[in-house]
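K.L.:
Chains as they are written, first to last, in the working numbering: chain U, 1 to 427; chain C, 1001 to 1426; chain W, 2001 to 2534.
Quick one: the structure is below, questions incoming.
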Amino acid sequence: MKEEARNFETDLAVIGSGIAGFAASIFALNRKINCAQVGNTGAVAYTTGYLDLLGSNEETQAAIDNPWEGLEQLKKSQPDHPLSRISAADIRKSFEQFTAFLGECGIAYTGPSETNITALTPAGTLKKTLCIPATMAAGPKAFADKTPCVIIDFKGLKGFSARQVVANLKDKWPDLSTARITFPEMAKGEVYPEVMARALEVPATRAGLAELLIQTAGEAKVIGLPAILGMHRPDLVKTELERLTGLQIFEIPTMPPSVPGIRLREMFEQVFPQKGLTLIPQQKVTSLCFDADSAVLNLRDNYGPITIHAKAVILATGRFLSGGLTAHISGITETLLDLPVSQPASRTDWYREGYTDRRGHAIHKAGIEIDASFRPLAQNGKAYHERLFAAGIILAHQDWIRGRSGAGIAIATAYKAVEAADQFLHA
Amino acid sequence: MSNKKIPTINFKEKAMELLPEGASFEACLSCGLCSSGCPASGIENMDPRKFIRMAMLGMDEELSTTPWVWCCTQCKRCQHVCPMNIDISQLVFLARGNWPQEAKPSGIVRSCQLIRSTDSTSAMGLTPEDFVFVIQDVLEEVRQTQPAFKNLQAPMDKKGAFFFVNQNSREPMSEPDEMVPLWKIFDLVGADWTYSSKGWAAENFCMFSGDEEAWYEVIKKRVEAVSELGCQVWLNTECGHSYYTMWNALTRFGMEADFKLESLITYYAKWIREGKLPVNSNWNTKSIKFTVQDPCMIVRKAYGESIAEDMRFIVRSLVGTENFIDMQPNRSANYCCGGGGGFLQAGMTDHRRTYGKRKFDQIAATGAAYVLTPCHNCHSQMEDIGHHYGGNYGVVHFWTLICLSLGILGENERTYLGPDLLELIT
Amino acid sequence: MTPTIIGKPEGTGNTTIETDVLVIGGGVTGAGIIRDLALRGIHSLLIDKRDLCAGASGGNHGLLHSGARYVSNDLHSAIECRLENELLKRLAPQCIEETGGLFVAVAGDDPEFAARFPDFCAAAGIRCEELSPVEARRLEPQLSEKLFKAYSVPDATVDPFRLALENVAHARMLTDSIYRPHTEIISFEIAGGTIYAAICRDNITKSTLRIQAKQYVNAGGAWAMDIAGLAGCADVSLIYSKGTLLISHDRMTSHVINRLRPPADGDILVPGGTVSILGTTSVRTDNLETIQPTMAEIDRNVIEGAAMIPALATARYIRAFSRVRPLLQISETEDGREATRGFALLNHTSQGLNNFCTITGGKLTTFRLMAEKTSDLVARRLGNSESCKTDSVPLPKGDACRWTKPGAAPRFWYQANNADDMILCECEMVPQSAIDEIVGAPGAEQEMTLEAIALRSRAGKGPCQGSFCGIRIASYLYDQGYYHDKTGLLHMRDFFNERFKGMRTVIWGQQAAQMELAEALHCGLLGLDSLENE
């Protein structure tokens, strides 16, 4: 049976299906750039739903309340940080566009405001983040107001304990209590947030759960649940449950496998093709090269090879988890083009001795270098190719984990990379 | 299943052999996305993540004997959601084949035996002669009772025909009138097609029983049949796994085929676009809502998104864009309904229905009155779980709705229409 | 004699405990001593400043030596090992996997040494059978093609954690003897050549504990010299030799594989459940507390090991760890390999004390013998004329002790087929009921850390090294009301930090991906890097 080779052309190819890749596609669509996005989409499913711009000051290790002030600080203390190279106005715009898009697609988000939101975690700790799903918004508000609230968990749900949340928040939020219920028709064995979320898309399940929630809430008017408020129409599910119960309801992210990340993945995979973007979400690009008039991406699917000719490419392939960078016993390489990777002198310096050392680990600051036009640099310090741009946490000089800045870096750099690619395409 | 002892496979070793580098069990992060997204999770207290870990922990006897391998339909959704693209279904297939015949679910084994028993390759044992007879008989009746179709054709063994069309055994055996809509469609578009008395059947229980040798034999016979008639396109009827077992077998067994493999869906879409099938949604005056089921065997495991788009184009043309509601998730991310993998014949009804609960919820969430699907097993399973869980939806094949839309659906071809649809055409 | 607790824990936070014998050091030797004593009707209290097997007992290959490794340079040790090996196989089979062992020489090794090996073994009475290279490679396909000599010997593997747990459990059963973790010796009260009390500190509650015993045993392993010093004894002379080992993701061989040459680095690969353990090195050190594997040691082990088993060069490693061996100093040498691995029992009468002794040196395989000698001395000093019974009484299986054995938890879980007994550690498939049994075991402390639970099970020992199960187990313990405040979060943080120590030097390839996800979860989401300390 012969393989079927397919070819097509596009203006902008985005390699990478994480937040940066999807953000780049959004910005490309907004700019009416003909776009194709490729990459193995799995890791988006690990995201929590929170969009961090800048949550922690890496120098003082203090939590940041005002990320815009934090960014000003960052410009001084880490001028090479990707966020230091982008104006606050652009960062704000990028978040506004990104969250607006999500809202149009049925996953409403709070927009970027002046300060971070103090958000809740499944361990009962607190986290500073900039934008959160509307389904989670009532939680931080109830916390800020210290409104009496019941945190509810479910029999059979591993890794999320209402008692844990309350035990660790109670000193700050005294009127917090816990309850455990059994999700309708899921009395036996292990239950997954994904399964509960999808079941809540069915009106009958909502009615069943609503009854239980009313019984359990007692005097409280606000309840917190693990993130299970629907998968495809979370806003509808939340509104319906609130209507049925008369309570205010919010959800808290869970550990993987978690719903907010799966929501994003499924939404992107449906919406982008509808909007005219070519999406190949299950395949890795096996090679990328540049000929006289285009970038050439090679990949495969069940039917054979696919070749994409693009006038510009954005590399947003992520780090070790998604395979954009590879850690060898001898050093770190960039997987697709073998771009030079700025990194510590030896493996001995990758990690400090203490895992939770607040200063973070040098391995995370490794990455590829870019110039002012967000083009990656080659060995000679010049742009690798005029058609090649880069975005996301593959970039050097940032520790997105300690800085609590993953989404910020992904979204803002994607914005700038698309802007630069757009300029190039119209030059 | 009998007590006959099942030999023990070394699953860790096999994973190294069968799975691509970087996507083998060593790459597993134990994150649980596979289990979370698998309808078989929890059945027999097993799930895909446990399967991997048990293989790595050397629990070979347990894995070799767990009945779960008959509940995993090998739909490959685990691979789809896994960030490392690990495919557990390949090891499940291996486990199935390792069970002695007497221990395998007898329904599946018997069906494979029947497939091999005649040149038809029919799982219901319908011989070539009987198949020819049924076709002739039904054709005669249509010609006599439906004046518009007095010259309807259902060619048999026509050498050099463009399309070689296969046929799922269920229709000729138990509901032969259900074959007629497709004949009418072919007639309308002027397709040059034929059935074959040899290798005509679509289903393939030999693959479901994990028997590679038998699977190969069946496909070999079918490939021969197509070649003998010199057809250019093997056109797969509305049956999911028949496409997959044929298409996958060619690569897997390195077989030569000098014809193309195509799905009816591709051609429906093509004919509608070309105007040859002048369907429209004007008949849907009551705005009856429809959803569509993406069969794993055709979409995720084979064609991918392109055929899913074709299906939706067809549905929208048939019922009206505003009357089509997509299931969630869908396309390559769709849940297996639980009808595949031989589950319908495995005699594990309770497990099969437990498996199907997610599908039921998907359908219920759409609020649709009907599910359209180009797959027999999906059709049967969705019907069954609909009754079991108290749903109020019907399940129809595409050919039914196409003919309905064209106003040419015969009296005996309306078995799967509910009163709401019936009242619109009588 | 049952212990008396005198004094109130409130207010001053002081408690006094009385016992017959205080044993300091929760390695296998210390555990073995309290059991030996209990079999003679004697009550004891075992303390450790951390937890069981925190020293060399928990950081070795897990090798139950046939003795063949010492035949060429330490005949005495070789014979001791042979005898103890046979005894333990008979009396504690639940802690042992009889894998058998191979000694292999590859191109570049000394053929003379290899040829004389059987004679050395014969002198020690150790069964040794030559195999042709073809036979050896049929048994173990991973062996190098450059192999030219192979012998099979009765090596086996042993689970030191289970061994310690079972000994402690049996002692408790016999005479209510107690084990207290995170209890550190601070000073002794001595008068007239007799120790009257040991002053200890609980490292978690920070409260002081006064232990009044008739006899005091220093089984502190590498810390024995320091502990003896606290009692004013200057006769314990140890040199410290650090050893580093690696754990591979896969079990590479079914036998223990030894290099057939005079002992050097990277000589041994030992199977342990579903993994293999490669090592070791021997580096003189003065530091007992913050020893870490170095990149150089990792690389050396890998290179040397790969000479025997080429696949070690490209294997995925999930963990590396270092421990300190205490070696009796008999001569000044470079790396400590020449120092005897025999043990010594010091009665300290030369130091003016009449109820203190130190047992030191030795190896895991001979722990029972070391405990026997120590217990003989202690019993005599107590006026107890019972003889040792550990050479004849089998070690009973304690329920809560069964979870350290690789594969035990998943097999139990599969058999039980209880959907509501959910698996908390997915990598090693440890279910809730195992955790319940561990935290509810007789003698278990009131609030166990995750590390303590992990020690008593396989939780956290798989590829994810606890990064997911640490969260799930903590959540479960909160659900159960076992954890009920912020301390649970500190336990999580400490657990991940502890696990990380073992991973740090082997983070590349797949491990780098795993670590990125883990850190994103622990720090990025849960903020365990910014918890305020108590």
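Heads up, the beta-carbon is just placed ideally off N, CA and C, and yes, glycines get one too.
Give me, in chain order, the residues of the same chain whose beta-carbon lies closer than 8 Å to that of residue 36 of chain U; leave out the 5 immediate sequence neighbours on both sides.
P.N.:
Around residue 36 of chain U: 8, 10, 12, 13, 14, 277, 278, 279, 280, 308, 310.
K.L.:
I want to verify the contact list: residues of chain C whose CB lies under 8 Å from the CB of residue 202 of chain U, in sequence order.
P.N.:
Within 8 Å Cβ-Cβ: 1361, 1364, 1365.
K.L.:
Which residues, taken in chain order from the region 313-338 of chain U, show a beta carbon closer than 7 Å to some beta carbon of chain W?
P.N.:
So the list reads 319, 320, 321, 327, 328, 329, given in the order they occur along the chain.
K.L.:
Give the interface partners of residue 2216 of chain W over in chain C, defined as CB-CB distance under 9 Å, in chain order.
P.N.:
None at all; the shortest Cβ gap to chain C is about 43 Å.
K.L.:
Tell whether a beta-carbon distance below 8 Å holds between residue 2024 of chain W and residue 2220 of chain W.
P.N.:
The answer is yes: Cβ separation under 8 Å.
K.L.:
Determine the extent of the alpha helix (DSSP H) in which residue 272 of chain U is found, giving its start and end residues.
P.N.:
259-274 is the extent of the alpha helix (DSSP H) around residue 272 of chain U.
K.L.:
Do you know how far the Cα of residue 1266 of chain C is from the Cα of residue 1411 of chain C?
P.N.:
Whole-angstrom Cα-Cα distance: 27 Å.
K.L.:
Which residues mark the beginning and the end of the alpha helix (DSSP H) in which residue 430 of chain U is found?
P.N.:
The structure shown has nothing for residue 430 of chain U, since chain U only spans 1 to 427.
K.L.:
Under the three-state reduction of DSSP, which class applies to residue 35 of chain U: helix, strand or coil?
P.N.:
Three-state result, residue 35 of chain U: strand.
K.L.:
Check whether the region 2117-2134 of chain W and the region 2149-2168 of chain W touch, using three or more Cβ-Cβ pairs below 8 Å as the test.
P.N.:
Flag = yes, the region 2117-2134 of chain W and the region 2149-2168 of chain W touch.
K.L.:
Find out if the Cβ-Cβ distance for the pair residue 1004 of chain C, residue 1148 of chain C is shorter than 8 Å.
P.N.:
Not closer than 8 Å, so no.
K.L.:
Given this structure, state the Cα-to-Cα distance separating residue 2293 of chain W from residue 2521 of chain W, to the nearest angstrom.
P.N.:
For residue 2293 of chain W and residue 2521 of chain W, the distance between alpha carbons rounds to 26 Å.
K.L.:
Residues bridged to residue 2180 of chain W by DSSP?
P.N.:
Answer is W/2047, bridged to residue 2180 of chain W.
K.L.:
For residue 272 of chain U, which of U/4, U/20, U/26, U/222 has the nearest alpha-carbon?
P.N.:
When only C-alpha atoms are compared, the closest one is U/26.
K.L.:
Mind listing the chain W neighbours of residue 1027 of chain C? Cutoff is C-beta to C-beta under 7 Å, in chain order.
P.N.:
Residues of chain W passing the Cβ test: 2510.
K.L.:
Taking the alpha carbon of residue 426 of chain U as the point to measure from, which residue in U/3, U/17, U/34 has its own alpha carbon closest?
P.N.:
Of U/3, U/17, U/34, the residue nearest in Cα terms is U/34.
K.L.:
State yes or no: is the beta carbon of residue 7 of chain U nearer than 8 Å to at least one beta carbon in chain C?
P.N.:
For residue 7 of chain U, the answer is no, since every Cβ of chain C falls outside 8 Å of its Cβ.
K.L.:
Output, in chain order, the set of chain C residues within a Cβ distance shorter than 7 Å of residue 2249 of chain W.
P.N.:
Under the 7 Å cutoff, chain C gives 1026.
K.L.:
Give the range of the beta strand (DSSP E) segment to which residue 1164 of chain C is assigned.
P.N.:
Element bounds for residue 1164 of chain C: 1163-1165.
K.L.:
Return the bridge partner residues of residue 2188 of chain W from the DSSP annotation.
P.N.:
DSSP lists W/2198 as partners of residue 2188 of chain W.
K.L.:
How would you list, in chain order, the residues of chain W whose beta-carbon sits under 7 Å from the beta-carbon of residue 1053 of chain C?
P.N.:
Result: 2426, 2427, 2429.
K.L.:
Is residue 1242 of chain C close to chain U, meaning its C-beta is less than 8 Å from at least one C-beta of that chain?
P.N.:
False, the Cβ-Cβ gap to chain U never drops below 8 Å.
K.L.:
Between the C-alpha atoms of residue 2414 of chain W and residue 1062 of chain C, what's the straight-line distance to the nearest angstrom?
P.N.:
Going from the Cα of residue 2414 of chain W to the Cα of residue 1062 of chain C covers about 8 Å.
K.L.:
In this structure, does DSSP put residue 2277 of chain W in helix, strand or coil?
P.N.:
Three-state DSSP puts residue 2277 of chain W in a strand.
K.L.:
Since residue 2419 of chain W meets chain C, which of its residues come closer than 8 Å, beta carbon to beta carbon?
P.N.:
Ordered by position in chain C, the residues that pass the 8 Å Cβ test against residue 2419 of chain W are 1042, 1045.
K.L.:
Whose Cβ in chain C lies nearer than 8 Å to the Cβ of residue 301 of chain U?
P.N.:
Neighbours of residue 301 of chain U on chain C, chain order: 1304.
K.L.:
Can you tell me whether residue 2380 of chain W is buried or exposed? The criterion is at least 16 other CB atoms within 10 Å of its CB, across all chains shown.
P.N.:
Counting Cβ neighbours within 10 Å, residue 2380 of chain W comes out exposed, since fewer than 16 surround it.
K.L.:
Select from W/2069, W/2088, W/2059, W/2066 the residue whose C-alpha is nearest the C-alpha of residue 2391 of chain W.
P.N.:
Closest by alpha carbon: W/2088.
K.L.:
So residue 353 of chain U is in the alpha helix (DSSP H); what residue range does that whole segment cover?
P.N.:
Where residue 353 of chain U is concerned, there is no enclosing alpha helix (DSSP H), given that its DSSP letter is neither H nor E.
K.L.:
Would you mind telling me which residues of chain C sit closer than 7 Å to residue 2310 of chain W, beta carbon to beta carbon, in chain order?
P.N.:
By Cβ distance, chain C contributes nothing, its closest Cβ being about 16 Å from residue 2310 of chain W, past 7 Å.
K.L.:
Please go through the region 2125-2153 of chain W and give each complete beta strand (DSSP E) segment of 3 or more residues, from N-terminal end onward.
P.N.:
The qualifying runs are 2129-2131, 2147-2153.
K.L.:
Please tell me whether residue 53 of chain U and residue 91 of chain U are closer than 8 Å, where the distance is taken between their beta carbons.
P.N.:
Result yes, Cβ atoms of residue 53 of chain U and residue 91 of chain U sit closer than 8 Å.
K.L.:
Got a sec, what are the start and stop residues for the alpha helix (DSSP H) residue 2019 of chain W sits in?
P.N.:
Unbroken run through residue 2019 of chain W is the beta strand (DSSP E), 2014-2024; no alpha helix (DSSP H).
K.L.:
Rounded to a whole number of angstroms, what is the C-alpha to C-alpha distance between residue 2419 of chain W and residue 183 of chain U?
P.N.:
Each residue's Cα considered, the two are about 16 Å apart.
K.L.:
On the three-state DSSP scale, how would you describe residue 2230 of chain W?
P.N.:
In the structure shown, residue 2230 of chain W sits in a helix (DSSP, three-state: H, G or I).
K.L.:
Per DSSP, what are the beta-bridge partners of residue 1394 of chain C in this structure?
P.N.:
For residue 1394 of chain C, which the question treats as bridged, DSSP gives the partners C/1370.
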